[in-house]
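Residue 458 is where the sequence shown starts when you use our numbering, and the numbers rise one by one after that. The C-beta atom is built at its ideal place from N, Cα and C for all residues, glycine as well.
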Amino acid sequence: MSDPLYRRYQDGLDAYRQHTCTPPECTLSARCAEGQRLWDQFTRAQDAYLKRQRSQQPT
458 MSDPLYRRYQ
468 DGLDAYRQHT
478 CTPPECTLSA
488 RCAEGQRLWD
498 QFTRAQDAYL
508 KRQRSQQPT
């Protein structure tokens, strides 16, 4: 069974990669408004997933 949190974070990255700017404005250091919104969604989902993974590791 697929992990919904993992899927959400992967879908967020896919959405960011697939968006297009006219003219192309997104770089590693600067993003268009839509690119920034998508990147923020991706990073929030990734952070939540990684936080949960770390909390499940045995100490």
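Length of the line joining the Cα atoms of residue i and residue j
i	j	result
residue 468	residue 502	9 Å
residue 479	residue 489	9 Å
residue 466	residue 515	23 Å
residue 462	residue 510	11 Å
residue 475	residue 494	13 Å
residue 487	residue 513	34 Å
residue 508	residue 497	16 Å
N- and C-terminal bounds of the alpha helix (DSSP H) containing residue i
i	result
residue 491	490-513
residue 460	Element bounds for residue 460: n/a, residue is neither H nor E.
Contact set for residue i: own chain, Cβ-Cβ below 7 Å, skip 5 residues either direction
i	result
residue 460	none
Supposed contact pair residue j and residue i - C-beta distance, whole angstroms, cut 8 Å
i	j	result
residue 492	residue 506	Contact flag wrong, Cβ pair sits at about 21 Å.
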